[in-house]
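Engineer: Taking the UniProt record's numbering, the leading residue of the sequence shown gets 1, the next gets one more, and so forth.
A virtual CB, placed ideally from N, CA and C, is assigned to each residue, including glycine.
Take this structure, written in structure tokens, and hold onto it; I'll ask about it next.
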Amino acid sequence: MSLLINLLGLALIAGIVWWFWLAKRRPSVEAAEPAALILVKDGVYEPERIHIAAGAETKLHFLREDPSPCAEYVVFADLDVSAQLAVGRETLVHLPPLAAGEYEFTCQMRMYRGRLVVE
Ligand SMILES: [Cu+2]
């Protein structure tokens with residue numbers, strides 16, 4: 001009987017070691033979440049609506065395929081953030097932590113239009 005209890009105790013310890021040390025080495029779900037990629041072409045941002053989490057810094061990847069000057073800048077007017085987009089390669093745009101709500105982003109002429117949905 002005491003042997004059985006010892007074995008149960010060992011199993012419990014092994015379980016605790018696994019749970020607190022070994023299991024934590026796996027990346028969390030949040031870290032594995034891919035960053036948004038927004039295509040800029042044919043007069044639209046694709047996707048047009050970007051969902052992001054409130055209260056956390058966000059990185060958006062813009063890939064500008066439209067070489068026309070119209071698509072050169074992306075402007076988040078409400079956030080005082082803008083970026084010049086290179087043609088044919090990804091441009092990273094950093095956003096500060098935001099309160100929940102919807103924020104428009106556009107090209108500098110407001111012809112391209114997209115919406116950031118923070119929730
Ligand atoms: Cu434009």
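When you compare the CB positions of Leu-92 and Glu-102, do they come within less than 9 Å of one another, or not?
Structural biologist: Going by C-beta atoms, Leu-92 is not nearer than 9 Å to Glu-102.
Engineer: Could you pull out every residue in the same chain whose Cβ sits closer than 8 Å to the Cβ of Glu-65, ignoring the five residues on either side in sequence?
Structural biologist: If we look at Glu-65 and ignore the five residues flanking it on each side, its Cβ neighbours are Leu-39, Val-40, Lys-41, Val-87 and Gly-88.
Engineer: Below 6 Å CB to CB, which residues in the same chain sit around His-51 once its five sequence neighbours on both sides are set aside?
Structural biologist: Closer than 6 Å at the Cβ level, and outside the excluded window around His-51, lie Val-117.
Engineer: Is the separation between the beta-carbon of Gly-55 and that of Leu-95 shorter than 9 Å?
Structural biologist: No, the pair does not count as a contact, with Cβ atoms beyond the cut-off.
Engineer: According to DSSP, what are the bridge partners of Glu-90?
Structural biologist: According to DSSP, which records beta bridges pairwise, Glu-90 is partnered with Leu-63.
Engineer: Using DSSP with H/G/I as helix, E/B as strand and the rest coil, what is Arg-83?
Structural biologist: Residue identity differs from the one stated: residue 83 is Ala in this sequence, not Arg. Reduced to three states, the DSSP call for Ala-83 is strand.
Engineer: So what does DSSP say about Ala-99, is it helix, strand or coil?
Structural biologist: It is coil, neither helix nor strand.
Engineer: Following a CB-centred definition, is Gln-108 positioned closer than 8 Å to any heavy atom of ligand 1?
Structural biologist: Checking every heavy atom of ligand 1 against the Cβ of Gln-108, one is found closer than 8 Å.
Engineer: Going by C-alpha to C-alpha distance, which of Cys-70, Glu-90, Asp-80 and Ala-100 sits closest to Arg-113?
Structural biologist: Answer by Cα proximity: Cys-70.
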